[in-house]
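Before any comments, here is the structure.
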Ligand code: HMG
Ligand code: MG
């Protein structure tokens, strides 16, 4: 059997958050329930952010209450501040995520804070989560390119990743938010980040605007990463990253990993079912 590589499913959150049609909670619940049969260990299915900023995620508590939880699967939620954390805790999230940016422009546009302010805001969230026994994941957006500031220096990504790691994040997911990264740029960025956070605690989060996401996964594998975020059906985008396309499709990453000899533990038939469901949700 090949070495295990985990796909962290983010479709119900990152995949759906940018959809213009307000999707009823029941449809989201059906998608999560289908994904729960596919063999994932972690599924991100909620985001406790301001409904004024991201209206699509306003149903998060309803979704968390309605899903059928499968033992062994952790259901994750984004929590930008204490208000979001308290809502996630009340909704029964199994783990939470704080999300920062390596670029000032995106930090301001996405969470209305400078990088320094955002880190100050995240510290009590991480502390409260750890005190409640919930694992905390950290995201760093714009690890190669920013829609507002342009190219992002690897040292800047390393600085933010190290800060999140120091707060107690068990894993840092590195986001090519606008999907323009090349494998060379990903390698250079990871050379800096793996100097401060071990590769075993890093995840790759690639959007696929430039069509290079699978090559970027391969570059990150070569740098020792063994966790990749992906969304079934290639859904996604970020409302505060103009032009960003969907996340790399889970089924495409699973197929590429299988071709490279890795084991994902995923049921490809169930994945295809979930991908068809996700595409239907996008088309209304
Ligand atoms: P703000 O306007 O500075 O916040 O937004 P505020 O504290 O001044 O509050 C303003 C209003 O929002 C108040 O309500 C608060 O109660 C409410 P009002 O008094 O006006 O009625 N509020 C909340 N409501 C519900 N839940 C909350 C919450 N917090 C405040 N948690 C804030 C700051 C962070 C809240 C806002 O900017 C926000 O919600 N941003 C989220 C943006 C977002 O979700 N982006 C997408 C996710 S990140 C992403 O996709 C990237 C990723 O995939 C990785 C990658 O690809 O790079 C992770
Ligand atoms: Mg994303």
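Numbering (this note's numbering), first residue to last: 20 to 303.
In this text, a Cβ means the ideal position worked out from N, Cα and C, and glycines have one as well.
Could you pull out every residue in the same chain whose Cβ sits closer than 6 Å to the Cβ of residue 107, ignoring the five residues on either side in sequence? Excluding the 5 residues flanking it on each side, residue 107 has same chain C-beta neighbours closer than 6 Å at 67, 96, 98 and 115, in chain order.
Between the beta-carbon of residue 253 and the beta-carbon of residue 265, is there less than 8 Å? In this structure, residue 253 places its C-beta atom within 8 Å of the C-beta atom of residue 265.
To which residues of the same chain is residue 291 closer than 6 Å at the C-beta, ignoring the five residues directly before and after it? If you ignore the 5 residues before and after residue 291, its C-beta comes within less than 6 Å of no other C-beta in its own chain.
Separation of residue 160 from residue 117, as counted between CA atoms: Answer to the nearest angstrom: the Cα atoms are 11 Å apart.
Provide the residue span of the beta strand (DSSP E) that contains residue 116, from first to last. For residue 116, the enclosing beta strand (DSSP E) begins and ends at 114 to 120.
Note down, in chain order, each residue of its chain lying with its Cβ closer than 8 Å to the Cβ of residue 1, except the 5 sequence neighbours on either side. Outside the modelled stretch of the chain, which goes from 20 to 303, sits residue 1, for which no answer is possible.
Rounded to whole angstroms, what's the CA-CA distance from residue 57 to residue 259? Just pull it up for me. Within the model, the alpha-carbon separation for residue 57 versus residue 259 is close to 30 Å.
In the DSSP output, what is residue 62 paired with across the bridge? The partner list for residue 62 (beta bridge, DSSP) reads 28 and 94.
Tell me the DSSP bridge mates of residue 221? Beta-bridge pairing links residue 221 to 191.
Would you call the CB atoms of residue 44 and residue 85 closer than 8 Å? Yes, these two residues count as a Cβ contact at 8 Å.
Helix, strand or coil for residue 22 per DSSP? DSSP places residue 22 in coil when its eight states are reduced to three.
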